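Going by this note's numbering, the letters in the sequence shown line up with residues 2 to 157, in that order.
Here a beta-carbon is modelled for each residue, glycine too, at the ideal position from N, C-alpha and C.
Please read all numbers here as calculations on a predicted model, not as lab measurements.
Report on the following structure.
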Amino acid sequence: MDSHDVVKQILKEIPAKQIAAELGVSLSLVYKWAEPPLVGSGASNPLDRTEVLTRISGSIAPLEWLCARMNGTFVPGAPPEVPELHVHRIGPELVRELGRLLGELSETATEGDIGKAKIKSLRKQWEHVKKIAEMYVQAAEKGRLKTIPTNSKPMP
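This is the structure:
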């Protein structure tokens, strides 16, 4: 789905006039955002601009910020080609990281008052576990989880 299709979909649910008023832009600009982009039109929509900002900065911070503002979490997808070695390690890594997080949660449950630093640490660990889990599931969905060949040697 292209960004202008997303805007079109939104316009079916929310009046363009309301969007224009809330964003402080003209009504015609909102309607232009719902059309396929024309080279040199100067009417790239906010979704396209966010994509450009993310690409040129080389940082997913804009996406993480946006997801956090919507009470969500940005979870990057698995790379197009997960190296075979990585695929074999992602399952155990997920279990290890989840176990580590559960241990931390268990400790904090008995402490009562949890400090801000501990909460920040737990959040960071949780986000990391979610990313690993999402990569694992996406790799499985794309058929990239394979068993270790029987002739291979185990990792040290």
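C-alpha of Q10 to C-alpha of C68: approximately 19 Å in a straight line.
Residue range K117 to E142 is occupied by the alpha helix (DSSP H) that includes K125. DSSP, read as helix, strand or coil, puts V8 in helix. Within the same chain, Cβ atoms closer than 8 Å to the Cβ of S27 are found at A21, the five residues on either side in sequence being excluded. Residues of the same chain with a CB within less than 6 Å of the CB of I115, apart from the 5 flanking positions on each side, are T109 in chain order. Taking 8 Å as the upper bound for CB-CB distance, A35 and V76 are not in contact here, some 28 Å apart. In this structure, the beta-carbon distance from P37 to H5 falls below 8 Å.
For L54, the CB contacts under 7 Å within the same chain, skipping 5 residues up- and downstream, are P63 in chain order. Between G92 and Y137, the gap from beta carbon to beta carbon is short of 8 Å. Exclusion of the five residues before and after E128 leaves T74 as the residues of its chain whose Cβ lies within less than 8 Å of its Cβ. The alpha helix (DSSP H) runs lying completely inside the region 51–83 and spanning 4 residues or more are 62–70, given in chain order.
In the three-state reduction of the DSSP assignment, P47 falls in the helix class, which pools H, G and I.
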